Every structure is written in C-alpha cells, then in structure tokens.
Ligand SMILES: Nc1ncnc2c1ncn2[C@@H]1O[C@H](COP(=O)(O)OP(=O)(O)O)[C@@H](O)[C@H]1O
Ligand SMILES: [Mg+2]
C-alpha cells in the first residue's frame, strides 16, 4: 500500500466501499479516509502533482516529513476506533486531517456521505458545531473562563441563548461528574477534573463523532485508569462514533472495538484487539502484543473447539473476552467443558476448562 | 542542555582567512591615509555626489499639506479630521481631571461643573492599587500622587495624565489591530516587520516635524507623536502573544465551531491577555517617556514645565517637575504591571451583589460624590490650597550652587582630563578615517559575521549616510555613542557579574535598575547639566547613565542561566570561583551579554539624540535643528541615519550572538 496514492482506485470515491480490516461490526460507516497523505515541507503539494504516484525518494532528499502516508480506513457508527502508535508516528496529524484542522496533502475524507475535502469553510464550521467534538491531550481549556463558561463555549458560538446554553452545559457537567464545580476556574482543578471539563465541552453540542487525542496521556496512571472507566461508562450511555488516539497499547486494548496501528505515518494493521493478538501482521505489531495477557484479549470463540457430544457444565458468551468470564470457568471442575453461545443463544462450539488454564499459565509471549 | 563539541568547526583555515582580509583592509586604509592629498573624495564625500533626499522629502510634505487632494477630501482635511477625532475624548478627560466643564471660551468661560477633586482622584488611584494587588501598592501609588499634590504639580500633572489617558488606549488598540492583521496575514507581516524595526530605531525627533506640520502646534499633535512612538512595541507584543497561544487551544476553539472572528475574540485574545498586558505596560511607559519631548510640539503639563525650566536653567523647578514625571511613571508602571500579573479569577470571587463584586468602583464613586458636595462649601476639597504646598526648588538651586562653588575645580579638571585625553583624540581619529574604508570595513564585518546578505545590508546602509551628506555628523554620533557604550560596559559588566554571584547585590541592583528604567530619558539630562553644563562630556554622562541598565541586566541574567550541571561539573574538575567565572560562566554567557551590549547601543543612540539639547554636534543636533526650522526632510533623513547606525549594530551583534550560540549548541 505505501507509495500508492492512486485516486482512480475504484474504492476510493465511495465511502461504503467494504470495510478495511475485517470488522464484525455491521453498522453503517460514519467516517472514512481514503489514501490520506499529509506531507510537511515547503511546497509539499508538488509531490502529488503527478498522476497519483508519490516520489518517496524525494522525501528523504528534500527534507519532507511524511507525517501521514496513505491512510485508509472506515469508522463505523457507534464503534470505538483506536489509532495506536508511538509518539511521532503521525496520529495527531491524521486525526486533524479528519477534522480538517490540518489540510491533507492528498486523499479523500468522507463524513457520512459528505466529501469533507469539498466542504466550504462555512460548512466545516457547521459540521464542527453540530457533528464533531474533540478532546485534547493537554485539555486546552480557556483559563479566563470557569467550568461553565468553558463547557458552554461551543453552544455560545452557535448563537444559543444564555439561559438555554447554561442549562445544557450544566447537564453535561453533571454527566461527567463535575456538578458543584461549575463556577471553578481551570487552574483550581486537578488534571483529571480538567480533562472532565474538556470532555464535557466536547460533548456539549451533542456531536455524532467524538475525537479524542491522547485524552488521558497527561494524567497519572491511577487517574488514567479511573478516566478510562469513566469514558467507557459515558460511551455505554451515549453510543458515539469515536476516534480515540493513544500511544499506550494497553489502553487501546481496554477501550477499542478496533485498533489501527500506525508506524512512521503509515497504518500497518487494522483489526480487533483479538485479531491483532492472534494474527499480528508484522513483527512490529507483535512486539506490542507481547506484554498483553492473553485472557484479556481472546474471546471464547478464539479458543473453542467444535462442539461434539460433550456434557456442558455451563455457557459462555462467544465474543466476550475470557477474562470477563474467568470466575465462572475456573470455579468449575478440572475436566469441565462449556458451551460457547453466540448472541442468538445458539451453541457454536465448546470450550474446555483446561484450555483456559493453559492460557493463563503460559507466558504471554507465545500466542 | 549540553555542549555539542562536535559542532565546533575544527578548521583553522577559516579564521586565518579573516585575519588576512582584515590585515589587508587596515593596510589599505593606512595607505589611503598616507596618500590623503591625492584622494580627497575618499575622505570627504564630494558635494556633487550627494543626493538631495532631504529636499525632496521637504517638498513632498509641502505638496501634501498644501495641495494634495484625495478625491473626496484634501489631505489637510483628512489630518484635521484625525485631529478632531483625537481631540474630543481628550477635551472630555481634561475637563474631568483638570479644567472642569466650562461653558464659553477663553477667559469668559464659566465653570459649569468642577473637575474631580484631588482627594477623589488620590483615593481613586489608591483603590486601583488595592484592586490590582494589595495595600502596599496602594500606598506606593498614593505616595506618588501625594507628591503631586504637596509640591504643587497637580495642575500640570493632570494635563499630562489626560493626554496619557487618551494616547495609551489609542496606541494599544492600534497596535493590537496591526498585530492581529500581521498574525493573520503573512504578507502583511513581511511588510510590517521592517517598518517596526525602523520605527523603533528612528529617533522621535525625526517625526516630530512632519507631525507638527500636519497637525499644528497643539496637544493633539503631541498625542499623535506619542502614539506613533509608543505603538510599535504593542504591535510586536500582540504578534508574539497571539503566536504563544498553544495550538491545542486554537484547535479547541476551531472544533467548538468558532468562526474566524469568534476565534479571535473568544479564544485568542482572552488567552493572550496576560502577554498583551505587558504590551500595555510598555505603551504606558513609552508615552510617559515622550512627555517632555512632546511638549516641544504643543503638549502642556509637566513636560512643558521641565522643558522651560531646562531652557532657563531653573534647576529647582526643573527637578520638581522632573520628579513629578518620574513618580507618575513609577505609579503607572507599577499599577499596570500589577494589573497584568493579577491572577486569573477564582471560584470564591464570584459571589453575587453589586457591592461585593465591585467594592473598589463603588467606593470611588462614593468618595467622588462626597468630595464634590463638600467642595461646594470647602474649596480646598477641589483645589489643594497653595499655602499648604511645599517647594524644594530653592533647595535644589542652593545645592547645585554649593557643589559648583566648592567642587568646581575638581569637576572641571576631571572633565578636562577625560575630554583632552580620551574623548577628543577618539573623535579626531574617527573623523580622520576615509569614509570609503569605513564603509568597506562595515561590509567586511557584516560578511564575516552573517554572510553576504548581511554584508550587503550593512555596507549599503553605511553608504546611504555618506550619500545624503551626513558622514561627519554620523562619525561624531559614532564617537559619542561608542565611548559611552564602552564606559557603560566597563561599569555595567562587573556590576552584572557581582549581581549574578551575590544574591544581596542582585536584589539591590534589581531595585535600582527597575527605578532607573522608569525614568523618562529627559530626566537624566538635568543633573549632568547642573554639574557639568552643556557639551559632549555632559551628554556622555547622561547617555551612560541612561544606557547602562540593559548591560547590567543581561550580564546578570546571562551568567545565571548557565546550566547548573555545567557549573557542578566544573567545580568537580577543580575550578576555583575565579576560574569558573573566566573559563565557564563568562564565555557561555557571552552571547547573552552581547545582546545586552546591543540593547545598550540602542538606548545610547536614542538618548544621544536628546542630548542635542545640551549642545552636542552630531546627528541629533541635525534633527533638532530641523525641528526648530520645521524642515521635515532634514529631520527625517538625519533620523533615518541614526536608525541605520542602530540597525547596522543590531544586525551585526545579532548575527554574532546567533553564530556563537549555534557553535555552542545552546539554541
Ligand atoms: N506543523 C508541522 N510541521 C512539520 N512537521 C510536523 C508538524 N506537525 C507534525 N510534524 C511531524 O509529523 C510527524 C507526526 O507528528 P504527530 O502527528 O504529532 O505525531 P503523534 O501525534 O503520533 O505523536 C512528526 O515527525 C512531527 O515532527
Ligand atoms: Mg500527538
């Protein structure tokens, strides 16, 4: 895929052109990127002047920085799509291309069915006001406004009346658990609380798509955990379509429906956490998965054998991680076998207790 | 921060080449001086080659004022319109603070409503001090304004304050507007930056004449000149402040759905407020610095008092008015600084109720009304009675007389010694150099420090000075500036080093420097004139006193910022304190110290122009003569020459410091 920015790709112009990275999510596509490039450097556009072929050699020679290289993916309605990569791998740049805070050098971006690259300034402002919300790594709160003022900013710039917007802002502040602190100023709040304000602000206008750029990276580990749980709680209520950026693979595993791994500006694999762990596309991806306890990622489905004439002592859900059903499995007798059932309640396989015990006992590196 | 040894170029041949070039340069110069008689054009720039730029500008100004027609209105109508716009708020503020509201004109005018009583204003500024920081500041500000009352400076001070109150907001808003446009448009900024450079280096006197011609001899002219003088730093600060707003905050604004205008007003400006306030402080200080100069084109008040006293050598009166300006400057400086540094609000400050939210404003209103009502029966409420006033005028006069009577010989012999042995020979030497050689050396220096482009810039700026026929005066400027800067460095660098190494010295020096920096440049002239009368020597002392502050500050700061781990490493290696200073701290701080020297040169040049008033014969005098003859071209060209000298020095030192920092990997 690298090196090819061919716009005449038949898939490129249709947002619903088949999922990239086999997702088992059946929802409609909310946001999609096709062959998105962002190159920093003087006159970077000239690199794309040819018939879609990008001269990669020119990068090194002329000091260009290919921050995003040929990124293509879809984000489905209601899913948490995590972009994971080390710092400098181009995640923030890619995210900002999706909102056009940064102008992509080449490629196409669709919001629902709308071609974002063709959107005018006014249309973009409209989209950002009503459809998009964004959370920033360093909170990006305005120091001169209190919590209420910060959270109601997006509503204020829409032209909403004072009473109405404050009412709405208070609701969101309550939703993120900051009620009672409405009149505090950012510098009077802890990092975690400040990020709650950032989250509340991004949700105030009830966006469809929620962008989070390393929202918890600047927080202490304990607080980070707490905020991750809080984030999942919110998502269970709100069901937004989410693009979440992190450099922490564990965080990605915890939160993601699907993960895109980025390296040096290119997306090298997209898949569910389970897919990444079971079938890492490259050694680079495998490196990341090595430290991850398998039980956290693998589902019963991945470990089951064909159902025969075994006697089942119980049922386990096919797509939930083993980790979440561990207690039930380990409490059974040593030779026990469980029925693996899908969401319709049909038995699709069998899971032996022994497999799970082996999984837990094996060192995490062998998959 | 580490020292990147690898980036230091090991090549010896490059310095060698420069040594050869310089030796050749000096050799040629000496040859030229030897063959002086056969090369007269190299020594005094031939009249016939001069370009009469000054005359052209003067003629252009005349045309502009007398016959330029802009279609809908003439140029004169335009300037009148501008003057009218500035005059309206000025009249209002002056009525409130100084004259009271009058009906009728001239001596027939009847007082309709009295001015703000001195008690109310005194209370007002103290409340402001408390609001901005604390009671200590309130006391300081109160003390400063009390001086104005006690020493009978109130009336003049209120006239001055009125013009400051009008000039500062216009300067701030104008500067911010230009800064904002520059922030948004790169092409506008490309034009703006060189203009700012020039505006900040051209001496004020140079544009007094055009302003005078355009707006007439009036307080409005004075305010317009003040605004032109005080605005450039605000433009720079605005640009910088907006650029300092972090990307994330700007992005957060965009993602909230701000339009461009909303982004500016709701996100950028509020986030940059603190830095912007620094600019406001600068505008206030520069406006006060202009008070005396502005009185040359029609500003009344304290500046006028100082100027007349200086002209008539009425030492006492001059000192009292000068101190009044200084105290006004200190009060306004500390107030605006405190206001800029006010912490962002906190939760507890948002209780309801008018009184709890605005205690200071309400307090002030109450006092103003009460004193007004009382003033109807007690005139002392409105105007501080003359009989209660103090004057130290005779004291100052006596003091100076006493010093002159008793120390005349000592002072005189000191002055003569320096003049005869150092100053005059140095001046002769500079004047004897062929201009062609000097231009070539300036170019060579530029080349060595910053490459071909810098060489081109410095050489052509220097040539300009010769071409407009001001070479000799420029050399005198160079001599006075050079000698003052050298002495300022000889005094300032040791003090800076001491301050860097000793906390107590540091604290004392900081207070002194802060105070010196709030003194308007004119104030420096008074004591030196009292003791040494007019001439180069007095001018040099004033310049040194005025320009010594930055070199002290930069030396102190430069040495303090040498990384601590480096100091520890050197200690560990066995350096004594003196070795540490000589081998580590000073070399590493040198780029920083040179920036201080640069600042000192800039300040010396700006002061030098003012010393024309005490009889120096350099470019400043040229500007000053132009002012008295209302010859705009002559003034502007001489001013631009001063600016060019400043720019040459600035670019060369800047290039040197940048190179040195790069070599050290200290970026
Ligand atoms: N404005 C810019 N100009 C030049 N290079 C940039 C700019 N912004 C980012 N980059 C470069 O692009 C690459 C990707 O940056 P970024 O998207 O911030 O990475 P990440 O968010 O994954 O840490 C980095 O090498 C960075 O230095
Ligand atoms: Mg980033």
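Residue numbers (the numbering used here), protein chains in the order written: chain C, 4 to 370; chain W, 66 to 732. Backbone N, C-alpha and C define an ideal beta-carbon position, used for all residues, glycine too. Since the model is a prediction, treat every value here as computed from it, not as a measurement.
Are the CB atoms of residue 656(W) and residue 725(W) within a distance shorter than 8 Å?
yes
Can you pull the chain W neighbours of residue 139(C), defined as C-beta to C-beta under 8 Å?
313, 316 and 317
For residue 631(W), which of 622(W), 650(W), 617(W) and 623(W) has the nearest alpha-carbon?
650(W)
Measure the beta-carbon distance from residue 319(W) to residue 104(C) and round it to whole angstroms, keeping in mind my assumption that it falls under 8 Å.
6 Å
Close beta carbons around residue 318(C), own chain, < 7 Å, minus the five adjacent residues each side
By the criterion of a C-beta distance shorter than 7 Å, residue 318(C) is surrounded in its chain by 341, 342 and 344, once the five residues flanking it on both sides are discounted.
Write down every uninterrupted run of the alpha helix (DSSP H) in the stretch 376-405 of chain W whose length is 4 residues or greater and which is fully enclosed by it, in chain order.
380-405
Residues of the stretch 146-177 of chain C with Cβ closer than 7 Å to any Cβ of chain W, in chain order:
146, 147, 156, 157, 160 and 161
Would you verify that the beta carbon of residue 323(W) is, or is not, closer than 8 Å to some beta carbon of chain C?
At a cut-off of 8 Å between beta carbons, residue 323(W) contacts chain C.
Quick one: grab the DSSP three-state call for residue 33(C).
strand
Identify the continuous beta strand (DSSP E) that holds residue 154(C) and give its terminal residues.
Unbroken run through residue 154(C) is the alpha helix (DSSP H), 150-161; no beta strand (DSSP E).
Contact between the stretch 330-345 of chain W and the stretch 139-148 of chain C (3+ Cβ pairs under 8 Å)
yes
C-alpha gap between residue 211(C) and residue 132(C), whole angstroms:
11 Å
Runs of 4 residues minimum, wholly inside the stretch 266-346 of chain C: which ones carry the alpha helix (DSSP H) assignment?
276-281, 286-292, 297-300, 303-306 and 329-334
Please determine whether the Cβ atom of residue 94(C) lies at a distance below 7 Å from any heavy atom of ligand 1.
Yes - ligand 1 has a heavy atom lying nearer than 7 Å to the Cβ of residue 94(C).
Taking 7 Å as the cut-off, is the CB of residue 217(C) close to at least one heavy atom of ligand 2?
yes
Let me check understanding here. Comparing Cα to Cα, which of 117(W), 192(W), 729(W) and 709(W) lies closest to residue 423(W)?
192(W)
How is residue 352(C) classed by DSSP in three states: helix, strand or coil?
strand
Specify the secondary structure class of residue 246(C) as computed by DSSP and reduced to three states.
strand
Cβ-Cβ distance between residue 34(C) and residue 71(C) below 8 Å:
no
To the nearest angstrom, how far is it from the Cα of residue 231(W) to the Cα of residue 155(W)?
6 Å
Output yes if chain C places a C-beta closer than 8 Å to the C-beta of residue 250(W); else output no.
no
Whole angstroms is fine: what's the gap from residue 469(W)'s alpha carbon to residue 596(W)'s?
Rounded to the nearest angstrom, the gap between the Cα atoms of residue 469(W) and residue 596(W) is 7 Å.
Does the Cβ of residue 451(W) have 16 or more other Cβ atoms within 10 Å, making it buried, or fewer, making it exposed?
exposed
Can you tell me which of 62(C), 220(C), 301(C) and 306(C) puts its alpha carbon nearest to the alpha carbon of residue 138(C)?
220(C)
Under three-state DSSP, which class holds residue 134(C)?
coil
Kindly identify the DSSP beta-bridge partner or partners of residue 600(W).
In the DSSP output, where bridge partners are listed per residue, residue 600(W) has none listed.
Any beta carbon of chain W sitting closer than 8 Å to that of residue 26(C)?
Summary for residue 26(C): the model assigns pLDDT 45, below 50, so the residue's position carries little reliability, and this model does not support an answer.
Can you list, in chain order, the residues of its chain whose CB lies under 7 Å from that of residue 326(C), leaving out five sequence neighbours each side?
The residues are 298 and 299.
Does residue 102(C) come within less than 8 Å of chain W when only Cβ atoms are used?
yes
Comparing the C-beta of residue 1(C) with each C-beta of chain W, is any distance below 8 Å?
The first residue shown for chain C is 4 and the last is 370, placing residue 1(C) beyond what the model contains.
Can you find the residues in the same chain that come closer than 8 Å, C-beta to C-beta, to residue 328(C), ignoring five residues on each side of it along the sequence?
303, 319 and 320
Can you look up residue 682(W) in the DSSP assignment and give me helix, strand or coil?
coil
Residue 39(C) in three-state terms, based on DSSP
It is a strand residue.
Do you know offhand how far residue 524(W)'s Cα is from residue 681(W)'s?
26 Å
Where do the ends of the beta strand (DSSP E) carrying residue 70(C) lie?
Unbroken beta strand (DSSP E) run through residue 70(C): 68-79.
Whole-angstrom distance between residue 199(C) and residue 226(C), CA atom to CA atom:
Inter-residue distance for residue 226(C) and residue 199(C) is about 11 Å (C-alpha atoms, whole angstroms).
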